[in-house]
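Student:
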């Protein structure tokens, strides 16, 4: 808890009956609004997610005030699950969540440790426990983000060590609640089956947040944001071409929302560089910053899809 | 005789909160921490037993405190120290080392004078505690110096 807030509330406690705390001031004093505004500003769309995060932040603030006033004694359960498609901002929001929890005083350090199955589960007997323990130590005082959590549990293989990691996580989630917040993330339907087969986990998770897929408009806004960050520009023709690209790409398999947009922009930059180099001659600063429609329309997406003549795509499809 | 080894050893023993504060300081500097124990207090005994592996990339003192308390529980009558390693110069070197546990009674050292040729005297310093075999010193019987799986 913020020091100023503490002293303020200690003062208030002395006159328990007439306890009055200015919530707005308390909110301001722990600087959590900054993070929330940053979240609003830097992430396009995600309306329901942002609302949920604000709700959780308010709840935790009030819970802190209640604790100070002697109205509650238990630390609330903070473990969460983030579900949604790839590239919908789960990791980014988790990072902001760690900052919010830190400012509200629920985690001491406020860092985010991202782990997946390979970081937690070992290859042989006795390998899993030290690996999981190591990750838990690193994440202590912060947030442990377990990406694609359902890979931990493999019901088809009863000798799989994933269950051991799950049990250790459960134990840490229960016994080290002051030290650690765990966020499980992954696709919605697969997470649902994962929780159904691990009821112990589900009951220890307080907040489920679902990340919706982006609309074309939102993806365009994301792309504009990314471009301006990297000092690139579109003209009207290339903007239209990119919208067309997105509409086609969204119907094709393995579309990963904002991540696909970033990858598309990276490829556009490559094509622009190639165009400028092969043309030769002198280049103006204006041209260096501009992406043309031809940089976009050369994409395979316009020639029947990314899988059309792509051996990696083929392999993915056969799976 | 109270052993004075490492930092803070001329001060009264640190409380757990003070230890936590020191550890958090080390972690904030980016130092790695490991825990070691021994029941041979000779000042030239630099090779103490390691308690688990060193803890790299840990950000918070809580897991270190847990390890330290586990070590205290298993070796209540041993010397236990916390070492912090600084990697800034490209190799791990000790930046801070201090005792966090000591036996309830420390019998101290005996000085033996050995007269050799030409009236030369050799001095030998030996701890009374080391009269007994490892694991049986300082009344720490029962564990027989065996390492339990932890």
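Protein chains in written order, with the numbering used here: chain G, 1 to 319; chain E, 1001 to 1150. Just so it is clear, CB atoms sit at the ideal spot from N, CA and C, and this is done for glycine as well.
1. Are the CB atoms of residue 136 of chain G and residue 185 of chain G within a distance shorter than 7 angstroms?
2. In the DSSP assignment, find the alpha helix (DSSP H) that holds residue 120 of chain G and state where it starts and stops.
3. For residue 32 of chain G versus residue 69 of chain G, is the C-beta distance shorter than 7 angstroms?
4. I'd like to check one pair, residue 246 of chain G with residue 216 of chain G: are the Cβ atoms closer than 7 angstroms?
5. Give the straight-line distance between the Cα atoms of residue 1117 of chain E and residue 1045 of chain E, rounded to the nearest whole angstrom.
6. Could you name the residues of the same chain whose beta carbon sits closer than 6 angstroms to that of residue 303 of chain G, not counting the 5 residues immediately before and after it, in chain order?
7. Mapping the DSSP letters down to three states, classify residue 152 of chain G as helix, strand or coil.
8. Since I believe residue 191 of chain G is in contact with residue 150 of chain G (beta carbons under 8 angstroms), could you give me their beta-carbon distance rounded to a whole number of angstroms?
9. Going by DSSP, which residues form a beta bridge with residue 1049 of chain E?
10. Per DSSP, which one or two residues make a beta bridge with residue 43 of chain G?
11. Quickly, what does DSSP pair residue 80 of chain G with across the bridge? List them, please.
12. Quick check: the Cα distance between residue 1011 of chain E and residue 1084 of chain E, rounded to an integer number of angstroms?
13. Does the beta carbon of residue 131 of chain G sit closer than 7 angstroms to a beta carbon anywhere in chain E?
14. Residues in the region 101-126 of chain G with C-beta within 7 angstroms of chain E's C-beta atoms, listed in sequence order?
15. In angstroms with no decimal places, state the Cα-to-Cα distance between residue 288 of chain G and residue 279 of chain G.
16. Counting only Cβ pairs nearer than 8 angstroms, list the residues of chain E close to residue 140 of chain G.
17. Can you tell me the Cβ-Cβ gap for residue 1100 of chain E and residue 1033 of chain E, rounded? I've got them flagged as a contact below 8 angstroms.
18. Does any C-beta atom of chain E lie closer than 7 angstroms to the C-beta of residue 137 of chain G?
19. Determine the DSSP secondary structure at residue 1081 of chain E, reduced to helix, strand or coil.
20. If you draw a straight line from the alpha carbon of residue 226 of chain G to that of residue 284 of chain G, how long is it in whole angstroms?
21. What's the call for residue 1039 of chain E, buried or exposed, on a 16-neighbour Cβ count within 10 Å?
22. Grouping DSSP H, G and I as helix and E and B as strand, with all else coil, what is residue 1088 of chain E?
23. Tell me the DSSP bridge mates of residue 1031 of chain E?
24. Using CA atoms only, rank isn't needed, just tell me which of G:156, G:204, G:158 and G:160 is closest to residue 175 of chain G.
25. What is the DSSP secondary structure of residue 1123 of chain E, counted as helix, strand or coil?
26. Measure the alpha-carbon distance for residue 126 of chain G versus residue 201 of chain G and round it to whole angstroms.
27. For the putative contact between residue 1126 of chain E and residue 1110 of chain E, defined by C-beta atoms under 8 angstroms, what is the C-beta separation to the nearest angstrom?
28. Closer than 7 angstroms, Cβ to any Cβ of chain E: which residues of the region 221-244 of chain G, in chain order?
29. Report yes or no: is there a C-beta of chain E within less than 7 angstroms of the C-beta of residue 179 of chain G?
30. Any idea what DSSP makes of residue 1101 of chain E, helix, strand or coil?
31. Would you report the Cα separation of residue 315 of chain G and residue 255 of chain G, rounded to the nearest angstrom?
32. Could you work out which residues of chain G lie near residue 1055 of chain E, taking near to mean beta carbons separated by less than 9 angstroms?
33. Looking at residue 1128 of chain E: is its Cβ nearer than 7 angstroms to the Cβ of residue 1078 of chain E?
34. So, with DSSP's three-state summary, where would you put residue 226 of chain G?
35. Can you check DSSP and say which residues form a bridge with residue 1096 of chain E?
36. Please report whether the beta-carbon of residue 308 of chain G lies at a distance below 7 angstroms from any beta-carbon of chain E.
Tutor: The short version:
1. On the first chain, residue 185 of chain G is found 185 positions in, with the first residue counted as 1. On the first chain, residue 136 of chain G is found 136 positions in, with the first residue counted as 1. Residue 185 of chain G places its beta carbon 7 angstroms or farther from that of residue 136 of chain G.
2. Taking the first residue of the first chain as 1, we reach residue 120 of chain G at position 120. Judged by DSSP secondary structure, residue 120 of chain G falls within the alpha helix (DSSP H) whose first and last residues are 117-120.
3. Working through the first chain from its first residue, we reach residue 32 of chain G at position 32. Working through the first chain from its first residue, we reach residue 69 of chain G at position 69. It is not a contact, given that the beta carbons lie outside the stated cut-off.
4. Here residue 216 of chain G refers to the residue found at position 216 when the first chain is read from its first residue. Here residue 246 of chain G refers to the residue found at position 246 when the first chain is read from its first residue. Inclusion of residue 216 of chain G and residue 246 of chain G in the CB contact set at 7 angstroms is warranted, their separation being smaller than that value.
5. Stepping through the second chain from its first residue, residue 1117 of chain E is reached at position 117. Stepping through the second chain from its first residue, residue 1045 of chain E is reached at position 45. Distance between the alpha carbons of residue 1117 of chain E and residue 1045 of chain E: 29 angstroms.
6. Here residue 303 of chain G refers to the residue found at position 303 when the first chain is read from its first residue. Nothing listed; no residue qualifies.
7. As a first step, residue 152 of chain G is located in the first chain; it is residue number 152 there, counting from the start. Shown here, residue 152 of chain G sits in a helix according to DSSP, grouped into three states.
8. For the purposes of this step, residue 150 of chain G is taken as residue 150 along the first chain, with counting starting at 1. For the purposes of this step, residue 191 of chain G is taken as residue 191 along the first chain, with counting starting at 1. Between residue 150 of chain G and residue 191 of chain G the beta-carbon gap is near 6 angstroms, inside 8 angstroms, which marks them as a contact.
9. In the second chain, the residue the question calls residue 1049 of chain E occupies position 49. Looking at the DSSP assignment, residue 1049 of chain E forms a beta bridge with E:1037.
10. In the first chain, residue 43 of chain G corresponds to position 43, counting from 1. Paired residue(s): none; residue 43 of chain G is not in a bridge.
11. Walking along the first chain from the start, residue 80 of chain G turns up at place 80. Bridge partners of residue 80 of chain G: G:183 and G:207.
12. On the second chain, position 11 is the one that residue 1011 of chain E refers to. On the second chain, position 84 is the one that residue 1084 of chain E refers to. Computed Cα separation, rounded: 19 angstroms.
13. If you number the first chain from 1, residue 131 of chain G lands on position 131. No, no contact with chain E.
14. Answer in chain order: 108, 109 and 111.
15. Residue 288 of chain G sits at position 288 when you count from the first residue of the first chain. Residue 279 of chain G sits at position 279 when you count from the first residue of the first chain. Here the alpha carbon of residue 288 of chain G sits roughly 13 angstroms from the alpha carbon of residue 279 of chain G.
16. As a working note, residue 140 of chain G is residue 140 in the first chain. Correct list: 1058, 1059, 1060, 1062 and 1063.
17. Start at 1 with the first residue of the second chain, and residue 1100 of chain E comes out as number 100. Start at 1 with the first residue of the second chain, and residue 1033 of chain E comes out as number 33. Contact doesn't hold; Cβ gap of about 11 angstroms is too wide.
18. Counting from 1 along the first chain, the entry for residue 137 of chain G is found at position 137. Output row for residue 137 of chain G: interface = yes.
19. Indexing the second chain from 1 puts residue 1081 of chain E at position 81. Secondary structure of residue 1081 of chain E (DSSP, three-state): strand.
20. Numbered from 1 along the first chain, position 226 holds the residue referred to as residue 226 of chain G. Numbered from 1 along the first chain, position 284 holds the residue referred to as residue 284 of chain G. Straight through space, the alpha carbons of residue 284 of chain G and residue 226 of chain G are spaced by roughly 22 angstroms.
21. The sequence position of residue 1039 of chain E within the second chain is 39, counting from 1. Buried is the call here.
22. As a working mapping, residue 1088 of chain E is identified with position 88 in the second chain. It is coil, neither helix nor strand.
23. Along the second chain, read from residue 1 onward, the residue named residue 1031 of chain E stands at position 31. Bridge partners of residue 1031 of chain E: none, in fact.
24. Here residue 175 of chain G refers to the residue found at position 175 when the first chain is read from its first residue. Of the candidates G:156, G:204, G:158 and G:160, the one whose C-alpha sits nearest the C-alpha of residue 175 of chain G is G:204.
25. As a position in the second chain, residue 1123 of chain E is number 123, starting the count at 1. Strand at residue 1123 of chain E.
26. Within the first chain, the letter at position 126 stands for residue 126 of chain G. Within the first chain, the letter at position 201 stands for residue 201 of chain G. The straight-line gap separating the alpha-carbon atoms of residue 126 of chain G and residue 201 of chain G is approximately 23 angstroms.
27. Within the second chain, the letter at position 126 stands for residue 1126 of chain E. Within the second chain, the letter at position 110 stands for residue 1110 of chain E. In this structure residue 1126 of chain E touches residue 1110 of chain E by the C-beta definition: roughly 6 angstroms separates them, less than 8 angstroms.
28. Among the residues of the region 221-244 of chain G, none has a Cβ less than 7 angstroms away from any Cβ of chain E.
29. Against the first chain, residue 179 of chain G aligns to sequence position 179. Judged by the 7 angstroms Cβ criterion, residue 179 of chain G is in contact with chain E.
30. Taking the second chain and counting its residues from 1, one reaches residue 1101 of chain E at position 101. Residue 1101 of chain E falls in the strand class under three-state DSSP.
31. Against the first chain, residue 315 of chain G aligns to sequence position 315. Against the first chain, residue 255 of chain G aligns to sequence position 255. The predicted position of residue 315 of chain G is uncertain, since its pLDDT is 39 and thus under 50; a value taken from the coordinates is nonetheless stated next. When only Cα atoms are considered, residue 315 of chain G and residue 255 of chain G end up about 16 angstroms apart.
32. Taking the second chain and counting its residues from 1, the one referred to as residue 1055 of chain E is at position 55. Residues of chain G passing the Cβ test: 134, 137 and 138.
33. Looking up residue 1128 of chain E in the second chain gives position 128. Looking up residue 1078 of chain E in the second chain gives position 78. For residue 1128 of chain E and residue 1078 of chain E, no; Cβs fall outside 7 angstroms.
34. Numbered from 1 along the first chain, position 226 holds the residue referred to as residue 226 of chain G. When DSSP states are grouped into helix, strand and coil, residue 226 of chain G belongs to the helix group.
35. Your numbering for residue 1096 of chain E matches position 96 in the second chain. According to DSSP, residue 1096 of chain E bridges with E:1084.
36. Reading the first chain from its first residue, position 308 is the one you call residue 308 of chain G. Bear in mind that the predicted position of residue 308 of chain G carries a pLDDT of just 47, short of 50, making it unreliable; the figure below should be weighed with that in mind. So, not an interface residue.
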